[in-house]
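Protein sequence lines, in the order shown, are assigned to chains A and B.
Counting along the first sequence from 1, when you hit position 219 you're at 212 in the working numbering, and nothing is skipped either side.
Counting along the second sequence from 1, when you hit position 133 you're at 126 in the working numbering, and nothing is skipped either side.
By construction, the Cβ of each residue, glycine as well, lies at the ideal position given by its N, Cα and C atoms.
There are 2 protein chains.
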Amino acid sequence: MSEQRTEISELGEFGLIDYLTKNNETQQASTILSVGDDAAILDNFGKQTVVSTDLLVEGVHFDLMYTPLKHLGYKAVAVNLSDICAMMATPTQITIGLAISNRFSVEALEDFYEGVYAACERYNVDLVGGDTTSSTKGFIISITAIGEVTPNKFVTRSGAKVNDLICVSGDLGGAYLGLQLLEREKRIYMENKGVQPDLQNQNYLIGRILKPEPRVDIVNWLSEQNIMPTSMIDISDGLSSEILHICKQSGVGAVIHENKIPVSEEAKSLGMQFNIPTITCALSGGEDYELLFTIDQNDYDKVVNSENISVIGYIAEASEGVHLITPSGNKHAIIAQGWNTFNKK
Amino acid sequence: MSEQRTEISELGEFGLIDYLTKNNETQQASTILSVGDDAAILDNFGKQTVVSTDLLVEGVHFDLMYTPLKHLGYKAVAVNLSDICAMMATPTQITIGLAISNRFSVEALEDFYEGVYAACERYNVDLVGGDTTSSTKGFIISITAIGEVTPNKFVTRSGAKVNDLICVSGDLGGAYLGLQLLEREKRIYMENKGVQPDLQNQNYLIGRILKPEPRVDIVNWLSEQNIMPTSMIDISDGLSSEILHICKQSGVGAVIHENKIPVSEEAKSLGMQFNIPTITCALSGGEDYELLFTIDQNDYDKVVNSENISVIGYIAEASEGVHLITPSGNKHAIIAQGWNTFNKK
């Protein structure tokens, strides 16, 4: 962060928006008109439009004590693009609404926007509109992500069929362990301000919580392989919560094998150190932003050799419920234990 | 508002969303998939998509002391649809993000959504997605409005040409006077809690601030008359601020005649009572959500007899600046004095 401090009131609302978007370049052919008017105009070239909105609130969804603003900007975009991916669609544009208290300077906002632009560039997405206003308290981010999909080739949560295979991308539980690490260092710092954080060799897990990546690569790979998942959701609240959404909306049950759930070596090691079972992190931790999806059994051969996809179970009759089989063969009902922001305080 | 109080935590996030959207019916043929998945899917039928986002923060944009939640829901939708209208486009869908502290009950949210649905129904718009989360303080509303427009038939702020006529819909200044009325009654109430508000015969001005209407009718009428405005903006910050936006983005100047600016009888009467010149309310009050637009002189005959449109001036060379001519013939430079939320406190 630069050391200068410019008050937001020095620029005014319109000056601020001009300043923050002065280098905004659009890359998508579908972006006809971007920031600077009452609304943005997008062309569709015969595709369908995909839209998703998220709201992130300081003190509820993030802690600025250990979240650099640049990372926050990147993550705010990434988690929204993840929703577009979860429809098997391609993200193309975003709009951003920001409410900020005057505790933040123009330079702080620039850091935030640097992260926003980094994510936009990485994923070839245009920032096409927004609204910047003051808040009475804290930092509030609203992002709407827009994407495109070939007509009727989107994937919902409701199409899973009995005997479909349940797949997950990447590995799970890492974001939750990264968060525990940051929370521990925050406690230590609060108790003794001289102590420097000990985050050596934990780049992977810290990255999982601070800089998640939407799995655009998985969506593209599935398309290339002509695999049309029968259902799909992104993992924001934890595997338990997400498989329950798919089962409820598809009217089916599921069986998941604990020892098939992908967990990184880093997560295993830190889970041991913190005495938290990694299975708990994977099921209930959330924020991994991997894709959970179901495929027809006939597609098994296509995914079995992918390093980025794990087959973790299968879809069962609704009457069989949703269960986890432990390595020792025990069967546990899966219940949602994900985030519930209204119960947190 | 119903008298029951159900805590939001009793329903949980997903239960709350299900509850609030259980009667949500879509009307637009373009709405392929609505609330309940990672994102919504919209068809475009060869049209271009129009997108706009706004953020409304309690204590900055509204005061719940005199804003019934139902009206707030209606207004939050209306002001976003107004942005779509300002592109000469037709609003079709919205998404809503809400952050709420646990001071609000499920019943309070139901009132808010009742207003949202009333606006959606009135303007034939579908609610297709959203996010509901907790806030550490207050009520925060983020709305993204989506619309459609025939390819390249949208109107920006940047097309005004020298000698174009400047037009405005409806009347101006009423919302600001309505707000003064509510603020006065709030002060009286705070000083003496027994006193009932005296809002007799002020329905029109109170309605202007609490229940603005997007001018979809004006957009439709202009289309029917084959009038393609050269530039357009909606009046959220006041006539001064908006004409300056058009002039800056079009690279032109403007002359506006004070006695041509439409002001309602109700506004004149209350302005007199409050000793506030109605011209000040029209220029700097804001929140009227009327449309300000420019047309070619050849279209004059088409608008001159419209009761809903006033021709208030003309576009001049940039070098001539932006001026107001008073009834006595004096010339004043127009400068922006609209809302600046960052200077307010």
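Using a C-beta cutoff of 8 Å, does Phe147 of chain B count as contacting chain A?
yes
Report the residue from B:Asn252, B:Leu215, B:Lys295 and B:Phe267 whose alpha carbon sits nearest the alpha carbon of Lys178 of chain B.
Residue 178 of chain B is actually Glu in this sequence, not Lys. Closest by alpha carbon: B:Phe267.
Own chain partners of Ala92 of chain A with C-beta closer than 6 Å, once the 5 adjacent residues on each side are dropped:
Thr126, Ser128 and Ile133
Within 8 Å, do at least three Cβ pairs link the region 112 to 125 of chain B to the region 1 to 20 of chain B?
yes
So, does the CB of His81 of chain A fall closer than 8 Å to a CB anywhere in chain B?
Before going on, a small fix: residue 81 of chain A reads as Met here, not His. By this cut-off, Met81 of chain A is not an interface position.
So Glu283 of chain A packs on Gly163 of chain A, CB below 8 Å; how close in whole Å?
4 Å
With Gln173 of chain A as the anchor, note down where its alpha helix (DSSP H) starts and where it stops.
Gly167 to Glu184
What does the alpha-carbon distance come out to for the pair Asn144 of chain A and Thr42 of chain A?
Per the sequence presented here, residue 144 of chain A reads as Pro, with Asn not at that position. Approximately 9 Å between the Cα atoms of the pair.
Could you give the uninterrupted runs of the alpha helix (DSSP H) lying entirely in the region 246 to 296 of chain B, keeping only those of 4 residues or more?
258 to 267 and 293 to 296
Are Asp104 of chain A and Ser27 of chain A closer than 8 Å when you measure CB to CB?
no
The region 68 to 84 of chain A contacting the region 31 to 40 of chain B, beta-carbon criterion three pairs below 8 Å
yes
Chain A within 8 Å of Val161 of chain B, Cβ atoms only
no
State the Cα-Cα distance for the pair Ser234 of chain B and Gln20 of chain B, rounded to the nearest angstrom.
36 Å
Thinking just about the alpha-carbon of each residue, which of A:Gly90, A:Ser224, A:Glu300 and A:Ser94 is nearest to the one in Val148 of chain A?
A:Ser224
List the endpoints of the continuous beta strand (DSSP E) containing Ala309 of chain B.
Ile302 to Ala309
For Gln20 of chain A, the first and last residue of its enclosing beta strand (DSSP E)
Here Gln20 of chain A belongs to no beta strand (DSSP E), and DSSP marks it neither H nor E.
Taking C-beta to C-beta, are Ala82 of chain B and Glu141 of chain B nearer than 8 Å?
yes
Nearest candidate by alpha-carbon position, reference Leu165 of chain A, set A:Leu62, A:Arg(-2) and A:Pro270
A:Pro270
Can you look up Ile87 of chain A in the DSSP assignment and give me helix, strand or coil?
strand
Could you compute how far the alpha carbon of Phe344 of chain B sits from the alpha carbon of Glu0 of chain B?
What is shown of chain B runs -6 to 338, which leaves residue 344 of chain B out entirely.
Just to confirm, is the Cβ distance from Glu206 of chain B to Gly246 of chain B under 8 Å?
no
What do you reckon, are the CB atoms on Ile327 of chain B and Leu237 of chain B nearer than 8 Å?
yes
Cβ of Leu35 of chain A less than 8 Å from any chain B Cβ?
yes
Distance between beta carbons of Ala112 of chain A and Tyr67 of chain A, contact taken as under 8 Å:
5 Å
Would you decide whether Asp210 of chain B is buried or exposed? Buried here means 16 or more other CB atoms lie within 10 Å of its CB.
exposed
Please report the Cβ distance between Ile159 of chain A and Ile272 of chain A, rounded to the nearest whole angstrom; I am assuming they are in contact, meaning their Cβ atoms lie under 8 Å.
Going by Cβ atoms, the distance from Ile159 of chain A to Ile272 of chain A rounds to 16 Å, so no, they are not a contact pair.
Report back the beta-carbon spacing between Pro84 of chain B and Ala138 of chain B to the nearest angstrom; my notes put them in contact at under 8 Å.
6 Å
Say whether chain A places a C-beta atom closer than 8 Å to the C-beta of Ile139 of chain B.
yes
Which of the three DSSP states, helix, strand or coil, is assigned to Ile328 of chain A?
coil
Using a Cβ-Cβ distance cut-off of 8 Å, determine whether Thr129 of chain A contacts chain B.
yes
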